[in-house]
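In what follows, a structure is listed as structure tokens, so that the remarks can point back to it.
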Amino acid sequence: MAVVADAGVLYGLLAVGAGLATGLAGIGAGVGEQGIGAAVVGVVAEEPGFLGKGLFLMLLPETLIIFGLAVSLILMFAWTPFAAIVTP
Amino acid sequence: MPVLRLPKFGYPVKYAYITGRVRAMKTKLVPAEMYARMMGMDMSEIARYLEETQYKDEIDALSKDYSGVELIEHATFANLAKTFRKLERVSIDEPSFLILEYLRRWDVWNIKTLLRGKFYGAADTEITKYLVPAGELSPEFLEELAKKDSITDIISAFDGTDYSSALAQYDGKNLASLENALDKLYYFRMERAVGGTLSVGGGLLLKYVRREIDIRNLITLFRMNKAGVDAAVIQENLIPGGKLHEELSRMAGQPFGEFLRGLEGYPFWSSISDIASVDLDAVSRIEARLRAYLIRYAWALSNYHPLSILPVLGYMVSKETEVSNIRKIVRGKEAGLPAELIEEQVVVA
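Residue numbers (the working numbering), protein chains in the order written: chain A, 9 to 96; chain B, 23 to 371.
This is the structure:
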């Protein structure tokens, strides 16, 4: 089995993966939030008292980013199977 | 005639703002149980109650010029116009386009009011009181029209617009055929503007409007079949474009009992089955039930398509009904009608 021995390349790919995990989660949350945000603004325009609940609903998709961020952090700092390969 | 095109279509998220807003506005409508309580109030109490609701601004502004029934009537119409104009103003793209398309019915209403007013020689101030500038025609333009001397002057002001073909039917003797032509034109324009596109939102609006045409035709059938009018005359008065048009026009001129039997099995039958019988005394009771059915239909459809024009449509229909209910109650009380009679006319979905 061919082993990629260049630690720099491996570490770079890992960083790209970590970036994608957070970035795509962010985009997904944004797509989810656009509709909720617009609707909340619409309701708050009529009922200012709804702002608190509305903000809560709007922030729900934001939790998805936390999953993405967690995966990124694991990739960058806690997931080290390749460490064995690249150790000199 | 140029075919109107939707600017952009297909993205439900465009509806998020306006549907959120109308759902909040829906909670401010007069609750159904208030109508029964209004029946027991006198005019000033009703006005005071309305002052606690969304009608506050209008009641406050108009209370120095009017009182009693007049105050409530003008305040409700002014509020209706303001609310609908607001809906159109706060929406963009497709929702705005579709809302305006729906609101053109108030243009038709205003034109009818103007013509009727002039026909019976009412003063222009009297006519402007009953205008509801909720559609495309601006309040200034309508007021200008009200100041014109004769019906032909008003008709010539619409030269070159879509209305001219319908208004050309005026024969100087009666307005019925002209009004019928205006109604038909409204639905024709709606179909032309909305039906020719691939828009999902427009399709949903059309679905509701087709049902509305059916219900209107059904009411016409109830009235005319009950009175034993000739089939050809009835068919002339039916508005084309409904989903059940062929079936309903076949029912024209049938004996009343047979007509009622033919209606069994249609989706609206369950809402009128208990009062629709051969010895039906007042068609207006059927009309109130069918209106209520239509509101329920609009809201039921909007549950299937939460991000679409349907919640807005449901709100507009509910609001129109609310205003007409309040007006029915105050007018009925003013005329001294018995409470049961008024209650029958009030539409509660």
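Quick reminder that beta carbons are idealized off the backbone N, C-alpha and C, glycines included.
Minimum Cβ-Cβ distance from residue i to chain C less than 8 angstroms
i: A37(A); result: Of the chains in the structure shown, none is chain C; the protein chains are A and B.
Chain A contact for residue i (CB, 8 angstroms cutoff)
i: V255(B); result: no
i: A371(B); result: no
i: M338(B); result: no
i: T98(B); result: no
i: T41(B); result: yes
i: R107(B); result: no
i: M23(B); result: Confidence at M23(B) is low in this model, with a pLDDT of 40, below 50, so the placement of that residue is unreliable and no value is reported for it.
i: R45(B); result: yes
i: V334(B); result: no
i: V35(B); result: yes
i: A54(B); result: no
i: A38(B); result: yes
Where residue i sits in the DSSP three-state scheme
i: L266(B); result: coil
i: N247(B); result: helix
i: E165(B); result: helix
i: T71(A); result: helix
i: K229(B); result: helix
i: K350(B); result: helix
i: L26(B); result: Unreliable placement is indicated for L26(B), whose pLDDT of 48 sits below 50; the coordinate value is still reported in the next sentence. DSSP places L26(B) in coil when its eight states are reduced to three.
i: A371(B); result: coil
i: P117(B); result: helix
i: M66(A); result: helix
i: N196(B); result: coil
i: P56(A); result: helix
i: F290(B); result: coil
i: F210(B); result: helix
i: A357(B); result: coil
i: Y77(B); result: coil
Closer than 8 angstroms to chain B by CB, residue i
i: G40(A); result: no
i: E70(A); result: no
i: G99(A); result: Here chain A comprises residues numbered 9 to 96, so residue 99(A) is not present and cannot be evaluated.
i: G43(A); result: yes
i: A23(A); result: no
Integer-rounded CB distance, given that residue j should sit under 8 angstroms from residue i
i: L335(B); j: A357(B); result: In fact, because the Cβ distance is near 32 angstroms, the residues do not count as touching under 8 angstroms.
i: A47(A); j: Y39(B); result: 6 angstroms
i: V216(B); j: E123(B); result: 6 angstroms
i: L204(B); j: Y192(B); result: 11 angstroms between Cβ atoms; not a contact.
i: R318(B); j: K265(B); result: Contact doesn't hold; Cβ gap of about 17 angstroms is too wide.
i: V255(B); j: F278(B); result: With 8 angstroms as the limit, V255(B) and F278(B) do not qualify as a contact, their Cβ atoms being about 16 angstroms apart.
Straight-line Cα distance separating residue j from residue i
i: N101(B); j: E80(B); result: 6 angstroms
i: R245(B); j: V305(B); result: 6 angstroms
i: R59(B); j: E342(B); result: 20 angstroms
i: L67(A); j: E41(A); result: 8 angstroms
i: Y281(B); j: Y209(B); result: Reading off the sequence, residue 281(B) comes out as Phe, not Tyr. Looking at the two C-alpha atoms, the distance is approximately 25 angstroms.
i: I308(B); j: I297(B); result: 7 angstroms
i: E55(A); j: A46(B); result: 7 angstroms
i: H327(B); j: V52(B); result: 25 angstroms
i: V369(B); j: K350(B); result: 10 angstroms
i: G354(B); j: I149(B); result: 21 angstroms
i: L207(B); j: G76(A); result: 56 angstroms
i: L59(A); j: T135(B); result: 43 angstroms
i: A103(B); j: L137(B); result: 20 angstroms
i: D115(B); j: S330(B); result: 12 angstroms
i: M23(B); j: A26(A); result: With a pLDDT of 40 at M23(B), under the threshold of 50, the modelled position of that residue is not reliable, and no figure is offered here.
i: F290(B); j: I35(A); result: 46 angstroms
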